[in-house]
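Numbering (full-length UniProt numbering), first residue to last: 1 to 328.
Every residue gets a Cβ at the ideal spot worked out from N, C-alpha and C, and that includes glycine.
Owing to the predicted nature of the structure, the values given are computational and were not obtained by experimental measurement.
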Amino acid sequence: MRTSTTARAATKRHRNFRGEAFLVLPSAGRMWSACNVKVRDCWAVTSVTLRRCLKLGAAMAKSKFEYVRNFEADDTCLAHCWVVVRLDGRNFHRFAEKHNFAKPNDSRALHLMTKCAQTVMTELEDIVIAYGQSDEYSFVFKRKSNWFKRRASKFMTHVASQFASSYVFYWRDYFEDQPLLYPPGFDGRVIVYPNNQTLKDYLSWRQADCHVNNLYNTVFWALVQQSGLTPVQAQERLQGTLAADKNEILFSEFNINYNNEPLMYRKGTVLIWQKVGEVTTKEVKLPAEIEGKKMAVTRTRIKPVPLYCDIIGDAFWKEHPEILDEDS
Ligand SMILES: [Mg+2]
Numbered sequence: 001m002r003t004s005t006t007a008r009a010a011t012k013r014h015r016n017f018r019g020e021a022f023l024v025l026p027s028a029g030r031m032w033s034a035c036n037v038k039v040r041d042c043w044a045v046t047s048v049t050l051r052r053c054l055k056l057g058a059a060m061a062k063s064k065f066e067y068v069r070n071f072e073a074d075d076t077c078l079a080h081c082w083v084v085v086r087l088d089g090r091n092f093h094r095f096a097e098k099h100n101f102a103k104p105n106d107s108r109a110l111h112l113m114t115k116c117a118q119t120v121m122t123e124l125e126d127i128v129i130a131y132g133q134s135d136e137y138s139f140v141f142k143r144k145s146n147w148f149k150r151r152a153s154k155f156m157t158h159v160a161s162q163f164a165s166s167y168v169f170y171w172r173d174y175f176e177d178q179p180l181l182y183p184p185g186f187d188g189r190v191i192v193y194p195n196n197q198t199l200k201d202y203l204s205w206r207q208a209d210c211h212v213n214n215l216y217n218t219v220f221w222a223l224v225q226q227s228g229l230t231p232v233q234a235q236e237r238l239q240g241t242l243a244a245d246k247n248e249i250l251f252s253e254f255n256i257n258y259n260n261e262p263l264m265y266r267k268g269t270v271l272i273w274q275k276v277g278e279v280t281t282k283e284v285k286l287p288a289e290i291e292g293k294k295m296a297v298t299r300t301r302i303k304p305v306p307l308y309c310d311i312i313g314d315a316f317w318k319e320h321p322e323i324l325d326e327d328s
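Next up, the structure:
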């Protein structure tokens, strides 16, 4: 008699560190050494043998220390929800000072952040959209992602480590004359959103935060750099002012129309997957007269592309319905 279809389907073959084969039966949670049953025979094993081996396996494979596994918290993210990982630079106020970042915005630093986020999207799986501003970046995983069985700690640590190592790896591409003085760090958090509206509201919240901070910083640094106010004086001048007041100060005192400031500063950066035509040179073998010649070949690739646009209104989501697609 063969094992039942369910038992066979659930049984997985593995090898231990010595290369010996063993079986894992998830329903029983027991490891089972191949010294009892050869792997090549396992698909024809009788249910009697199966039970006998389970008993043996129970005694053999579990060490007395294995109970410590039970201390691991179950951090599976709720099914069918959007999983967001947000990273934030650790003490980046000091980091920006030490590395002479331009105020109020350093485009090198912002582009480096985006390069790191693109690397995260390319290297990891199932990220559908990312949004970044200042020293933070948010990554949204597909609703139905089953990457690392949806474990929050796996999502967060993979994103944070990939992002931080990329920041160091690509630093010199953006800061040619500025050596990296010490290793930067990023904290991470995982937030689970139950539907499209809450996810859109989350991203809107981050973009609104970008706008509020950038408007404040633009006026603050104009007062310091152009009017010669001390940071404390500039802070006092701006206390209690509304957005309209800040726009007015910028326009009347510095001839700056805030709406003409770069979109990347005002809106932050949105990364979505788009088809990109990539031109590469390739040796082409065809007619005799051009044999061995290098030719430019264009091929289409899907890459995380930066957009600097509004994501609070409906227009963006209507233009890119695939992001919130049910099967996403
Ligand atoms: Mg920070």
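Task: Own chain partners of VAL159 with C-beta closer than 8 Å, once the 5 adjacent residues on each side are dropped - done: VAL85, LEU87, VAL120, LEU124, PHE139, GLY188
Task: Span of the beta strand (DSSP E), counted from its first residue to its last, around ALA130 - done: 127-133
Task: Three or more C-beta pairs below 8 Å linking the region 220-228 and the region 158-178 - done: Contact fails: fewer than three Cβ-Cβ distances are below 8 Å.
Open item on the list: Give me the residue from ASP75, PRO179, GLY185 with the minimum Cα distance to SER165.
Closed with: Taking the Cα of SER165 as reference, the smallest distance to any Cα among ASP75, PRO179, GLY185 is reached at GLY185.
- [ ] Following the continuous beta strand (DSSP E) through GLU123, name the residue where it begins and the one where it ends.
- [x] Here GLU123 belongs to no beta strand (DSSP E); instead the alpha helix (DSSP H) covers 107-123.
Task: Buried/exposed call for ASN105, threshold 16 Cβ in 10 Å - done: buried
Open item on the list: Can you look up LYS294 in the DSSP assignment and give me helix, strand or coil?
Closed with: When DSSP states are grouped into helix, strand and coil, LYS294 belongs to the strand group.
TODO: Classify ASP126 as buried or exposed, calling it buried when 16 or more other Cβ atoms lie within 10 Å of its own Cβ.
DONE: With 16 or more Cβ atoms within 10 Å of its Cβ, ASP126 is classed as buried.
Open item on the list: Is any non-hydrogen atom of ligand 1 found closer than 7 Å to the C-beta of PHE92, if you look at the structure I gave you?
Closed with: yes
- [ ] Decide yes or no for the touch test of the region 263-275 against the region 232-246: beta carbon pairs closer than 8 Å, at least 3 of them.
- [x] No, the region 263-275 does not touch the region 232-246.
Task: Option nearest THR281 by Cα separation, candidates GLN274, LYS275, MET295 - done: MET295
Open item on the list: Quick test of your reading: ILE323 and ILE129, contact by CB under 8 Å. State the CB separation rounded to the nearest angstrom.
Closed with: 5 Å
Open item on the list: What I want to know is whether the C-beta of ASP88 ends up closer than 7 Å to one or more non-hydrogen atoms of ligand 1.
Closed with: yes
- [ ] Can you grab the Cα-Cα spacing for the pair MET113 / GLU253, in whole Å?
- [x] 32 Å
- [ ] Inspect the CB distances between the region 88-107 and the region 134-148 and report whether three or more fall short of 8 Å.
- [x] yes
Open item on the list: Contact between the region 215-225 and the region 240-247 is defined here as three or more beta-carbon pairs at a separation below 8 Å; is this criterion met?
Closed with: At 8 Å Cβ cutoff, the stretches touch.
- [ ] Compare the beta carbon distance of ARG143 and ASP75 with 8 Å and say whether it is the shorter of the two.
- [x] no
- [ ] Using a threshold of 8 Å, state whether the C-beta atoms of GLN207 and GLY268 are closer than that.
- [x] yes
TODO: Would you grab the beta carbon distance between HIS80 and GLN178 for me? Rounded to a whole angstrom, and I think it's under 8 Å.
DONE: So it is not a contact: roughly 45 Å between Cβ atoms.
- [ ] Kindly examine ligand 1 and report whether one of its heavy atoms sits closer than 7 Å to the Cβ of ASP106.
- [x] no
Open item on the list: DSSP has GLY89 in a bridge; who is on the other side?
Closed with: PHE186
Open item on the list: For VAL270 and TYR131, which I take to be in contact (beta-carbon distance under 8 Å), what is that distance rounded to the nearest angstrom?
Closed with: 5 Å
Task: beta-carbon ASP177 near ligand 1 non-hydrogen atom, thresh 7 Å - done: no
Open item on the list: Counting C-beta neighbours from all protein chains within 10 Å, is the total for CYS42 16 or more, i.e. buried, or is it exposed?
Closed with: Below a pLDDT of 50, predicted positions are generally treated as unreliable, and CYS42, at 40, falls in that range; no measurement from the model is reported.
Open item on the list: Taking the beta carbon of VAL83 as the centre, do at least 16 other beta carbons fall within 10 Å, making it buried, or is it exposed?
Closed with: Looking at its Cβ environment, which holds 16 or more other Cβ atoms inside 10 Å, VAL83 is buried.
Task: Residues near ILE302 by beta carbon distance below 8 Å, same chain, minus five either side - done: Listed in chain order, the non-local C-beta contacts of ILE302 below 8 Å within the same chain comprise TRP273, GLN274, LYS275, VAL276, local neighbours out to five positions each way being set aside.
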